[in-house]
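So for the sequence shown, our numbering puts the first residue at 9; every next one is plus one.
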Amino acid sequence: MALIVFLRGINVGGHRTFRPSILARDLAVYDLVNVGAAGTLVVRAPGSRTKFLAELRRKLPFEAKIACCDGRDLIRLEMENPFGREPLQPDVVRFVSILARASQNKPSLPIAIPAGEKWFVRVIGSKDRLVFGVYRRHMRTIGYLGDSINSSVPRQQRAVGAPFFQLYRY
């Protein structure tokens, strides 16, 4: 089964930039496919995960935080339909994210950020290291998804207890 790799904080705002397509070519022995410029890779022949990740770190032009999961975990999540039959609203975006590591605390879900009726982000569930929820299309939402003013740790990360990687629209 394929390995899905997520690189955190690359090619954002002109910082920590590189061309993932070149990385895919350099790691062709692993049958690596680059998915866009945001640092998502599908590794169809990863072999030993430890060996592959060591080689990936050597090929990156800078140190990067890396998370990965088996492709079957994403397929299973899709088949379980984590969002149920709730109709999609035009001002709400569904997302799935991966935690950098398994969370030590098991928060009571759902979590609304900020709490109450006027939330901008809602974490509604998790399955192993995959977290899913919704966020509102609003200019203030980025303040809740990204780093807060009073802390270098994003609010949703503090709520769940482990670093988030990219949010992927579902």
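Backbone N, C-alpha and C define an ideal beta-carbon position, used for all residues, glycine too.
Query: Per DSSP, cross-strand counterpart(s) of Ile121; Result: Val129
Query: Inter-residue CB distance, Phe103 and Tyr152 (contact presumed, cutoff 8 Å); Result: Wrong, their Cβ atoms sit about 12 Å apart, outside the cutoff.
Query: Whether Leu48 touches Phe14 by CB criterion (9 Å); Result: Per the sequence presented here, residue 48 reads as Thr, with Leu not at that position. For Thr48 and Phe14, yes; Cβs fall inside 9 Å.
Query: Separation of Ile132 from Arg148, as counted between CA atoms; Result: 20 Å
Query: Backbone secondary structure at Lys73 - three-state DSSP; Result: coil
Query: According to DSSP, residues forming a beta bridge with His23; Result: Val20
Query: Reduced DSSP secondary structure (H/G/I, E/B, other) of Arg145; Result: coil
Query: Among Ala36, Val43, Gly44, Arg80, the one whose alpha carbon lies nearest that of Phe60; Result: Ala36
Query: CB contact flag (Lys135, Arg84, <9 Å); Result: yes
Query: Straight-line gap, Asn89 to Leu138 (C-alpha atoms, nearest Å); Result: 13 Å
Query: Beta-carbon proximity check, Ala108 vs Arg27, cutoff 9 Å; Result: no
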